[in-house]
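Below you'll find the structure, written out as structure tokens, and then a few comments.
Residue numbers (our numbering): 2 to 602.
And the structure:
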């Protein structure tokens, strides 16, 4: 295998299927570590023979049984891996765990191979990636820039193609900022979706295990394996890995109002964000400017009383006995918690709840949010001059996310005018991980970028990636329930997932019904000679949700079995024949959306 063998999962599995030996891939991973010549990436490496023994134990290549068969990955060094020390980038804190963290155990069981433990901002406190007593990992794109933290080593190892993916953690943005600064994908799941058992806590109520990957498909494949409820983690939640695939043709996407956007003088980052929004508009999505002051106010809470105290509580016995062991900046942050009281913590909880209530309707008014991943790039020299301020600024668009129980994904969108990475982060309500990832994949495909710091091209999107098993019923919608239409929210409120755009067979006529509010069409089955093919969307619902939805449909509409041009059929909206007597026949417009667009124009 040459140095140019891509390490994205699709490419590796294709190579394995063609006969590539897994030992060759392992050798290549270690050769890339040597070639990188960056002692700051890894704090501990597995012995190469140990990794090869683990690979041999996998048996023959079988991606159906083991969806991560032979895939090399790295683990942030605040997550336990049996047989490797856990240090949290604090040598005096180091211990040898007896067992893997739950998430590591699941990934190993799926065939993934741990290469080593990666560097971080000490105790996962920071967004810069330089708060470590070890050598600082070098930004994979430009070594004069901060690599981003706290999951710096994991992001750099992925961006350099040393591993296919890496685990990080994300409390304030540590799974997104390093991704954005190193031109890779950063998946920050819904809090609780991935177990934090075996993870050194930063803020235990907010912590996530995050995933760095070269492609969205890869990130989702890893998430699909790792998103399992865990009885040993009291903060674990059941968040099924569903809803990933095609994104709805029209989404309402909230963006910071122009006057509220903060880039701290980085005009290139501001221009790159504007360009990313233009791409979303060109894709057909609706951009809605939102006031962002309350989001920023929420973000500011994270480094105030309650959550600084929570960081201190996580390592209080060690801190009190070994304060001098901590990095100076980390020590200052944790030390500030000693003067806080329980009353200060409750004041923080009250302030957060008040902001949540204010933002609830605003967040619900859109499908997703789109923000810059970071407001700017910082050089190492700039950070040295202002270590606290610049770290805080990096969290402008990340610090509020876990406090508001949002999921998110950082995705590269192109290059700035100066050639540095441009990245946005898509955010959604808890449990909407699949929708966020679906739109992220659409954007990444349009970026034209190489993967990370490599020359590898983005592979073709994989069809049929794994999702959690769930019985769902397909529903064909034709009018006001289409994406972006007034009643689409009814579907989303019931947990519907968009599947695809398609057309009916040419055996239907479409009518604009008189006197309906909001305006609605009616789809009527006719003879082959008298019909036309109509644009529709296919969504899916759980059986319970489908029943509740159908029960609420008013006459003269109903649900019948629709024939689709791809040869399939599904339940969908139809109209009683008596209701179209005085209705306007709009079949020639090919669909309800195009009809509304044409009459509006």
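All residues carry an ideal CB built from backbone N, CA and C; glycine is no exception.
Residues of its chain near residue i, where Cβ-Cβ distance is below 7 Å and the 5 sequence neighbours each way are ignored
| i | result |
| --- | --- |
| residue 15 | none |
| residue 373 | 270, 274, 398, 425 |
| residue 208 | 170, 172, 197, 200, 202 |
| residue 219 | 9, 10, 165, 166 |
| residue 469 | Confidence is the limiting factor: at residue 469 the pLDDT is only 48, short of 50, which leaves the residue's position unreliable and the question unanswerable from this model. |
| residue 249 | 484, 499 |
| residue 406 | 192, 431 |
| residue 258 | 290, 291, 292, 293 |
| residue 392 | 127, 128, 129 |
| residue 28 | none |
Assigned exposure category for residue i - 16 Cβ within 10 Å defines buried
| i | result |
| --- | --- |
| residue 428 | buried |
| residue 85 | buried |
| residue 523 | buried |
| residue 410 | buried |
| residue 488 | exposed |
| residue 94 | buried |
| residue 17 | buried |
| residue 458 | exposed |
| residue 577 | exposed |
| residue 367 | buried |
| residue 323 | exposed |
| residue 306 | buried |
| residue 311 | buried |
| residue 20 | exposed |
| residue 229 | buried |
| residue 390 | exposed |
C-alpha distance - residue i paired with residue j, whole-angstrom precision
| i | j | result |
| --- | --- | --- |
| residue 482 | residue 384 | 50 Å |
| residue 8 | residue 165 | 5 Å |
| residue 360 | residue 295 | 7 Å |
| residue 104 | residue 61 | 24 Å |
| residue 22 | residue 56 | 10 Å |
| residue 420 | residue 179 | 17 Å |
| residue 452 | residue 216 | 8 Å |
| residue 211 | residue 520 | 44 Å |
| residue 462 | residue 197 | 30 Å |
| residue 241 | residue 222 | 13 Å |
| residue 382 | residue 146 | 8 Å |
| residue 627 | residue 401 | Residue 627 lies beyond the stretch modelled for the chain, which goes from 2 to 602, so this question has no answer here. |
| residue 76 | residue 30 | 15 Å |
| residue 144 | residue 518 | 59 Å |
| residue 571 | residue 48 | 54 Å |
| residue 416 | residue 423 | 5 Å |
| residue 442 | residue 188 | 12 Å |
| residue 593 | residue 504 | 12 Å |
| residue 261 | residue 387 | 23 Å |
| residue 455 | residue 158 | 11 Å |
| residue 34 | residue 474 | 48 Å |
| residue 494 | residue 89 | 41 Å |
Same chain, Cβ closer than 8 Å to residue i, five either side skipped, listed in chain order
| i | result |
| --- | --- |
| residue 575 | 523, 524, 525, 526, 558, 559, 560, 561, 563 |
| residue 96 | 86, 87 |
| residue 69 | 10, 108, 111, 112, 113, 222, 223, 226 |
| residue 380 | 145, 146, 147 |
| residue 599 | 590 |
| residue 231 | 103, 196, 198, 237 |
Chain-order list of residues whose beta-carbon lies under 6 Å from that of residue i (same chain, five-residue window excluded)
| i | result |
| --- | --- |
| residue 271 | 264 |
| residue 498 | 244, 541 |
| residue 238 | 193 |
| residue 136 | 40, 41 |
| residue 371 | 254, 256, 425, 427 |
| residue 573 | 477, 563 |
| residue 435 | 243, 244, 245 |
| residue 587 | 511, 513, 596 |
8 Å contact criterion, which residue i and residue j should meet: CB distance rounded
| i | j | result |
| --- | --- | --- |
| residue 132 | residue 330 | 5 Å |
| residue 213 | residue 156 | 5 Å |
| residue 298 | residue 161 | Contact doesn't hold; Cβ gap of about 38 Å is too wide. |
Counterpart residues of residue i in DSSP-defined beta bridges
| i | result |
| --- | --- |
| residue 540 | 476, 499 |
| residue 523 | 512 |
| residue 287 | 253 |
| residue 424 | 413 |
| residue 115 | 74 |
| residue 456 | Per DSSP, none; premise fails for residue 456. |
| residue 373 | 425 |
| residue 572 | 476, 562 |
| residue 586 | 512 |
| residue 505 | 565 |
CB contact check: residue i to chain B, cutoff 7 Å
| i | result |
| --- | --- |
| residue 589 | Chain labels in this structure do not include chain B; a single protein chain is all it has. |
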